[in-house]
Amino acid sequence: MFGWVSWRDLILAWRHRADVLATLFFFIIVTSLFPLGIGPEPQTLQTIAPGVVWVAALLASMLSLGRIFGNDYQDGTLEQLLLTPQPAYLIVLAKVLAHWLVSEVPLVIIAPVLGLQFGLSENTLLIVVVSLLLGTPVLSLIGAIGAALTLGLRAANVLVALLVLPLYIPVLIFGTGAIQATVNGTGTKPWLLLLGAILVLAFVFAPWATSAALKISVE
Amino acid sequence: MSTRRINWYKYAAPANFYPLAGKMIPFFTVVTVLLFIIGLYVGFFVAPTDFQQGESYRIIFIHVPAAWMGMFLYVLMAVYAGLGWAFNARLGSMMATAISTTGAIFTFISLVTGSLWGRPAWGVYWVWDARMTSTLILMFLYIGFISLQASIDDSRRADRAGAVLALVGLINVPIIYFSVQWWNTLHQGATFTARSFKMAPSMLSAMLILMAACWMYSIAVVLARVRCIIREREREAPWLAEAVA
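From first to last, the protein sequence lines stand for chains A and B.
To convert, count from 1 in the first sequence and add 8; that's my numbering.
To convert, count from 1 in the second sequence and add 145; that's my numbering.
Have a look at this one:
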């Protein structure tokens with residue numbers, strides 16, 4: 009069941025490839041706008057790079073949140089899924105996994121290339137990837153709560169930003185902290201461990217809150 | 146020893162709570178006004194001038210109570226919303242909705258007074274100090290709660306969705322607080338300590354009196370607001386027509 013739900017979402021995403029690519033290009037364009045707005049001095053760019061990459065990842069992942077449950081809600085699939093004897097927790101987790109694979113992993117893959125634009129060293133680029141790998145699942149997990157709460161509402165996209173972005177702040181702080189620690193030569197490990205701790209917490213609690221929210225919204 | 150049993154559940158019904166709240170509001174309003182007068186008098190005329198900050202430190206008398214209320218009301222709101230959701234108690238959810246606005250206003254006041262105080266004390270209106278940043282994020286959480294409830298038409302769904310959001314926010318508040326604190330030490334931005342001065346007893350008492358005043362104000366306003374919400378939601382109920390008439 010778990011695998012089936014994820015697989016189905018992946019196939020659906022593959023059939024709408026343009027949507028996925030749009031998110032990716034949004035990420036690329038936003039990060040490329042910052043040097044244009046701030047100026048090409050390498051020193052400045054290196055300082056702002058961690059923040060820019062992470063904020064752009066936050067915004068890009070938020071754009072695609074509506075797709076986690078939106079289509080299934082409209083055609084009634086979601087209701088049927090919740091009626092199955094399988095725990096809602098697992099169904100949510102499967103859909104979140106699919107969202108992460110479709111919308112976040114491409115960002116993680118392209119991030120080092122964007123990091124080169126900002127003049128980051130190879131070592132730092134590695135940490136960029138590791139911190140994004142640890143942090144982006146949290147974005148999907150927490151974002152799913154917001155997506156479930158706003159199902160079928162007017163202006164759901166704007167609302168989801170209001171609900172979810174404040175909750176993303178710890179991930180942003182620890183993610184950029186890890187990258188900055190590498191740039192400054194101080195220890196990266198505590199930041200990554202904290203990111204991992206948040207990931208574990210979100211993994212346990214967020215799908216539970218999401219399934220509660222789904223039941224409220226579908227009712 | 147005889148124990149008189151009070152039926153607490155009685156007042157969980159809006160029909161019984163509505164008149165009770167109506168009777169309680171005048172009492173809390175009077176206490177609020179008295180406490181504000183006493184507290185402001187002590188704060189402005191009895192408390193001595195601070196030798197470091199001069200007169201400007203007196204902002205503390207409204208700033209600190211507002212900040213405390215902003216934080217505490219968020220917890221209270223989440224608890225009421227959770228009770229309303231778990232026990233299907235309409236009144237709990239109505240209380241949460243009523244509290245959210247007051248909490249947001251107090252948080253806003255603490256941000257504004259904080260930055261007005263920052264100008265004379267630190268020379269700038271805003272520093273990315275851990276306390277100020279986390280208060281700002283608290284404000285965002287309130288805004289999220291209020292706008293989520295405002296955009297759902299079905300009041301039952303609005304109550305429950307708000308409860309999920311408030312509880313998720315409640316779990317997140319300590320995480321956000323510590324992350325902001327560590328972030329602040331990483332950047333070493335603000336090394337100002339606002340709490341460096343010792344408080345004279347009259348300063349402390351003025352602050353505590355105004356704290357109590359803010360409490361009483363919150364109770365009075367929340368009760369008034371919850372009465373409005375009850376009237377709005379139960380407008381079809383026959384008891385309301387009798388109570389209002």
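We put the CB at the ideal spot given by N, CA and C, even for glycine.
Cα-Cα separation, residue i to residue j
| i | j | result |
| --- | --- | --- |
| A:K197 | A:T190 | 10 Å |
| A:L101 | A:A169 | 21 Å |
| A:A156 | B:D195 | 52 Å |
| B:R235 | B:A308 | 12 Å |
| B:A335 | B:G188 | Annotation note: pLDDT 45 at B:A335 (below 50); position unreliable, coordinate value reported separately. Looking at the two C-alpha atoms, the distance is approximately 28 Å. |
| A:K223 | A:G193 | 47 Å |
| A:A214 | A:P174 | 15 Å |
| A:A26 | A:R75 | 13 Å |
| B:S363 | B:G229 | 20 Å |
| A:F34 | A:V146 | 20 Å |
| B:V220 | A:I118 | 41 Å |
| B:M277 | A:H107 | 34 Å |
| B:I320 | A:V226 | 30 Å |
| A:G123 | B:S279 | 29 Å |
| B:P171 | B:A212 | 25 Å |
| A:R23 | A:V212 | 31 Å |
| A:L161 | B:D299 | 11 Å |
Integer-rounded CB distance, given that residue j should sit under 8 Å from residue i
| i | j | result |
| --- | --- | --- |
| B:G237 | B:Y225 | 5 Å |
| A:V136 | A:V61 | 6 Å |
| A:V116 | A:L140 | 5 Å |
| A:L32 | A:P120 | So it is not a contact: roughly 14 Å between Cβ atoms. |
| B:V325 | A:I181 | 7 Å |
| B:F173 | B:A365 | 4 Å |
| A:L128 | A:Q54 | 7 Å |
| A:V110 | A:V28 | 6 Å |
| B:M239 | B:I374 | 5 Å |
| A:E125 | A:P178 | Note on residue identity: the sequence assigns Gln, not Glu, to residue 125 of chain A. Incorrect: roughly 27 Å between the Cβ atoms, too far for contact. |
| B:V176 | B:M361 | 5 Å |
| B:R372 | B:A166 | 5 Å |
| B:T247 | B:L218 | 6 Å |
Residues of its chain near residue i, where Cβ-Cβ distance is below 8 Å and the 5 sequence neighbours each way are ignored
| i | result |
| --- | --- |
| B:F337 | Any reading at B:F337 is ruled out, since the residue's pLDDT is 46, under 50, leaving its predicted position unreliable. |
| B:P164 | A388 |
Beta-bridge pairing of residue i - partner residues as DSSP gives them
| i | result |
| --- | --- |
| B:D195 | B:G199 |
Spatial neighbours of residue i in its chain, beta-carbon cut-off 7 Å, leaving aside the 5 residues before and after
| i | result |
| --- | --- |
| A:A217 | I153 |
| B:A295 | none |
| B:S245 | M222, Y287, F290 and I291 |
| B:R305 | W230 |
| A:D17 | K103 and A106 |
Beta-carbon contacts of residue i that lie in its chain and below 6 Å, excluding the five residues immediately before and after
| i | result |
| --- | --- |
| B:N161 | K155 |
| B:L286 | G314 |
| A:G183 | W62, S139 and G143 |
| A:M9 | Q94 |
| A:L65 | It should be pointed out that residue 65 of chain A corresponds to Ala in this sequence rather than to Leu. Same-chain partners within the cutoff: L115. |
| A:V151 | Looking at the sequence shown, residue 151 of chain A is not Val but Gly. For A:G151, where only same-chain residues beyond five positions count, the Cβ hits under 6 Å are L73 and V172. |
Proximity test, residue i beta-carbon vs the ligand NAP heavy atom, cut-off 7 Å
| i | result |
| --- | --- |
| B:S292 | Inclusion of the ligand NAP in the displayed structure is not the case, the ligand content being empty and no account of it being possible. |
Original post:
Touch check for the stretch 52–61 of chain A and the stretch 90–105 of chain A: three-plus C-beta pairs under 8 Å?
Top reply: no
Original post:
Is the stretch 250–269 of chain B touching the stretch 201–208 of chain B, taking contact as three or more C-beta pairs under 8 Å?
Top reply: yes
**OP:** Take every Cβ of the stretch 378–387 of chain B, pair it with every Cβ of the stretch 159–179 of chain B, and state whether three or more of those distances are shorter than 8 Å.
**Re:** yes
Original post:
Do the stretch 75–95 of chain A and the stretch 36–48 of chain A make contact, defined as three or more Cβ pairs closer than 8 Å?
Top reply: no
Original post:
Between the stretch 203–223 of chain A and the stretch 63–73 of chain A, do at least 3 Cβ pairs fall closer than 8 Å?
Top reply: no
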